[in-house]
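Participant:
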Amino acid sequence: MLLKVGFWRGGEGVLGKVIIFGVAVLIVAWLAVPHLRDASFNLIRPSEDVTVVLRGEARPSLTLGIDPADAESPFQMVTLLGFDAIPAILEPEFVTASEAEGWMLPGEQVLGLSINGESRAYSVPLLSRHEIVNDVVGGVPVAVTW
Amino acid sequence: MYARQVEGTVYTFGVSGKLIRNAMVMYDHQTRSLWSHFLGQAVKGELVGTVLDFVPVTHTTWAAWRELNPDTLVLDKRGRSSRDSYQSYYTNGSAGVIGESVRDERLPRKERVVGVAGATGVKAYSFSALELTPVVNDTFADLDVVVLLDAAIQTGLAYSRTVEGRTLTFDLAPDGVGIFTALVDRETGSRWLALTGRAVEGEMKGATLERVLSHLSFWFAWTDWNPETALYGD
Numbered sequence: 000m001l002l003k004v005g006f007w008r009g010g011e012g013v014l015g016k017v018i019i020f021g022v023a024v025l026i027v028a029w030l031a032v033p034h035l036r037d038a039s040f041n042l043i044r045p046s047e048d049v050t051v052v053l054r055g056e057a058r059p060s061l062t063l064g065i066d067p068a069d070a071e072s073p074f075q076m077v078t079l080l081g082f083d084a085i086p087a088i089l090e091p092e093f094v095t096a097s098e099a100e101g102w103m104l105p106g107e108q109v110l111g112l113s114i115n116g117e118s119r120a121y122s123v124p125l126l127s128r129h130e131i132v133n134d135v136v137g138g139v140p141v142a143v144t145w
Numbered sequence: 000m001y002a003r004q005v006e007g008t009v010y011t012f013g014v015s016g017k018l019i020r021n022a023m024v025m026y027d028h029q030t031r032s033l034w035s036h037f038l039g040q041a042v043k044g045e046l047v048g049t050v051l052d053f054v055p056v057t058h059t060t061w062a063a064w065r066e067l068n069p070d071t072l073v074l075d076k077r078g079r080s081s082r083d084s085y086q087s088y089y090t091n092g093s094a095g096v097i098g099e100s101v102r103d104e105r106l107p108r109k110e111r112v113v114g115v116a117g118a119t120g121v122k123a124y125s126f127s128a129l130e131l132t133p134v135v136n137d138t139f140a141d142l143d144v145v146v147l148l149d150a151a152i153q154t155g156l157a158y159s160r161t162v163e164g165r166t167l168t169f170d171l172a173p174d175g176v177g178i179f180t181a182l183v184d185r186e187t188g189s190r191w192l193a194l195t196g197r198a199v200e201g202e203m204k205g206a207t208l209e210r211v212l213s214h215l216s217f218w219f220a221w222t223d224w225n226p227e228t229a230l231y232g233d
């Protein structure tokens with residue numbers, strides 16, 4: 000309480016109030032926006048090694064050389080960016096093929112998906128900016144990943 | 000590509016900013032568990048060990064996909080350009096962001112491979128080998144597989160050669176179907192579209208080859224995840 004009073008006294012005058020207001024805005028923003036918090040966290044600790052132990056029913060065919068039942072088979076996980084620094088798409092919007100003709104190049108790489116008679120094309124250059132699209136195709140919720 | 004429903008619960012995924020062996024780690028918004036994109040499995044958090052169902056995807060060009068699926072919808076780019084921010088990464092010599100854990104000297108790092116998974120083993124087919132032999136009929140790990148490179152659209156594909164109880168042997172057909180590469184099988188002479196695996200002419204017309212679990216990958220990434228991999232032609 001004493002500290003708080005002293006703090007406010009030190010903030011007398013226009014400049015002091017502006018500085019205090021600015022600091023308060025930054026603190027609130029840091030608390031309220033997870034993205035900023037993660038980003039500043041990463042400035043302090045640019046990389047974090049976490050050993051992940053694979054448990055449960057792994058896909059043995061894609062992890063040959065790693066026995067899923069083996070508690071000693073670790074994966075090193077490295078942190079490069081904060082959560083959502085690369086923004087996944089949660090509410091994808093679509094256009095028809097003829098509407099897209101103006102801006103899709105014929106040779107542009109796409110990931111194509113057809114489920115229950117519904118088809119989608121996801122531009123690979125666009126996927127590079129988002130890495131994940133949360134979509135529902137033919138009634139099936141899918142995560143399109145790149 | 001994965002289904003994001005597990006036992007009645009639908010999850011939404013975001014990008015965690017973390018990597019395991021240079022492959023993306025996702026997180027779900029519902030539990031904030033971490034999931035390996037390469038494994039399709041939660042590796043940390045409440046859902047650790049949970050596996051997502053794999054959904055096969057077709058990697059091709061816009062022109063080819065539109066020709067095959069005129070009714071397709073297209074993810075709206077809202078004015079974004081067609082330049083890929085990873086363009087230099089695809090062709091430079093670097094092994095991802097954090098480097099590979101084992102350097103396998105059998106191929107250059109950024110050589111592209113079709114990596115195929117059988118029940119008891121995995122095998123890689125390099126694009127450079129497939130450029131010499133575009134259609135490979137192979138058997139490994141109890142899997143009869145045809146692996147092919149569609150030169151027109153620079154994509155690699157792997158199908159089971161066993162269809163309707165018969166095991167077929169495929170060659171490249173001398174002529175394509177429209178803009179598409181076609182295969183012909185020696186046993187029935189039927190013609191098949193390489194990109195879809197569907198028979199379009201002959202006795203097998205209407206049959207579809209089943210995609211096998213496979214990844215298009217760089218060699219360094221494939222060997223990082225599968226250090227024991229066999230290599231076609233090795």
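If you read the protein sequences in the order shown, they are chains A and B. When we follow numbering that gives the first Met the number 0, the leftmost residue of the first sequence carries the number 0, and every step to the right adds one. When we follow numbering that gives the first Met the number 0, the leftmost residue of the second sequence carries the number 0, and every step to the right adds one. Every residue, glycine too, gets a C-beta built ideally from N, C-alpha and C.
1) What residues from chain A crowd round B/S15, counting only those whose CB sits closer than 7 Å?
2) With distances taken Cα to Cα, identify the nearest neighbour of B/T222 among B/R82, B/L106, B/R210 and B/M203.
3) When DSSP builds the beta bridges, which residues end up paired with B/E200?
4) Around the Cβ of B/Q40, are there at least 16 other Cβ atoms within 10 angstroms (buried) or fewer (exposed)?
5) Name the chain B residues that come within less than 7 Å of A/F93, Cβ to Cβ?
6) Compute the Euclidean distance between the alpha carbons of B/R31 and B/D149, then round it to the nearest angstrom.
7) Among B/T8, B/P226 and B/S127, whose alpha-carbon lies nearest the alpha-carbon of B/K109?
8) Assuming B/M23 contacts A/E130 under a Cβ cut-off of 8 Å, what Cβ separation, rounded to an integer in Å, is found between them?
9) Step through the CB atoms of chain B and report whether any lies within less than 9 Å of the CB of A/L14.
10) State the Cα-Cα distance for the pair B/V112 and B/F217, rounded to the nearest angstrom.
11) Count the other C-beta atoms from every protein chain shown that fall within 10 angstroms of the C-beta of B/Q29, then say buried if there are 16 or more, exposed otherwise.
12) So if I threshold CB-CB distances at 9 Å, which residues from the stretch 107–131 of chain A count as touching chain B?
13) Relative to the C-alpha of B/D234, which residue among B/L131, B/Y158, B/V162 and B/G117 is closest?
14) Would the stretch 62–71 of chain B and the stretch 100–119 of chain A be scored as touching if the rule is three or more Cβ pairs under 8 Å?
15) Mapping DSSP to helix, strand and coil, what is A/I131?
16) Out of curiosity, what's the CA-to-CA distance linking A/T95 and B/V162?
17) Would you mind listing the beta strand (DSSP E) stretches within the stretch 202–226 of chain B that are 3+ residues and don't spill past its ends, in chain order?
18) Please list the residues of the stretch 15–31 of chain B that have a C-beta atom closer than 8 Å to any C-beta atom in chain A, keeping them in chain order.
19) From the DSSP output, in three-state form, read off B/P173 for me.
20) Mind listing the chain A neighbours of B/T57? Cutoff is C-beta to C-beta under 9 Å, in chain order.
21) Quick one: Cα of B/H214 to Cα of A/V17, how far?
Facilitator: In short:
1) By 1-based counting over the second sequence, the position of residue 15 of chain B is 16. The contacting residues are F82.
2) Indexing the second sequence from 1 puts residue 222 of chain B at position 223. Nearest in C-alpha terms to B/T222, of all of B/R82, B/L106, B/R210 and B/M203, is B/L106.
3) Position 201 of the second sequence, counting from 1, holds the residue named residue 200 of chain B. Note: B/E200 sits in a beta bridge opposite B/R190.
4) One-based indexing of the second sequence puts residue 40 of chain B at position 41. Burial call: buried.
5) If you number the first sequence from 1, residue 93 of chain A lands on position 94. Neighbours of A/F93 on chain B, chain order: L72, V73, L74 and D75.
6) Taking the second sequence and counting its residues from 1, one reaches residue 31 of chain B at position 32. Taking the second sequence and counting its residues from 1, one reaches residue 149 of chain B at position 150. Their backbone Cα atoms lie some 39 Å apart in a straight line.
7) Residue numbering aside, residue 109 of chain B sits at position 110 when the second sequence is read from its first letter. The residue with the shortest Cα to Cα distance from B/K109 is B/S127.
8) Here residue 23 of chain B refers to the residue found at position 24 when the second sequence is read from its first residue. Here residue 130 of chain A refers to the residue found at position 131 when the first sequence is read from its first residue. The pair is a contact, with the Cβ atoms about 6 Å apart (cut-off 8 Å).
9) Locating residue 14 of chain A in the first sequence gives position 15, where the first residue counts as 1. A/L14 does not count as touching chain B.
10) Locating residue 112 of chain B in the second sequence gives position 113, where the first residue counts as 1. Locating residue 217 of chain B in the second sequence gives position 218, where the first residue counts as 1. So the alpha carbons of these two residues sit roughly 6 Å apart.
11) Position 30 of the second sequence, counting from 1, holds the residue named residue 29 of chain B. The residue is exposed, with fewer than 16 neighbouring Cβ atoms inside 10 Å.
12) E107, Q108, V109, L110, G111, L112, S113, I114, G116, E117, S118, R119, A120, Y121, S122, V123, P124, L125, L126, S127, R128, H129, E130 and I131
13) Look at the range of chain B in this structure, 0 to 233, and you will see that residue 234 of chain B is not part of it.
14) yes
15) Numbered from its first residue, the first sequence carries residue 131 of chain A at position 132. A/I131 falls in the strand class under three-state DSSP.
16) Within the first sequence, residue 95 of chain A is the residue found at index 96, counting from 1. Within the second sequence, residue 162 of chain B is the residue found at index 163, counting from 1. Cα to Cα, A/T95 sits roughly 34 Å from B/V162.
17) Correct list: 213–217.
18) S15, G16, K17, L18, I19, R20, M23, V24, M25 and Y26
19) What you label residue 173 of chain B is simply residue 174 of the second sequence in a count that begins at 1. Secondary structure of B/P173 (DSSP, three-state): coil.
20) Start at 1 with the first residue of the second sequence, and residue 57 of chain B comes out as number 58. Here the neighbours are V109, L110, G111, L112 and S113.
21) Sequence index remark: in the second sequence, residue 214 of chain B carries index 215 (1-based). Sequence index remark: in the first sequence, residue 17 of chain A carries index 18 (1-based). Straight-line Cα distance between these residues: approximately 56 Å.
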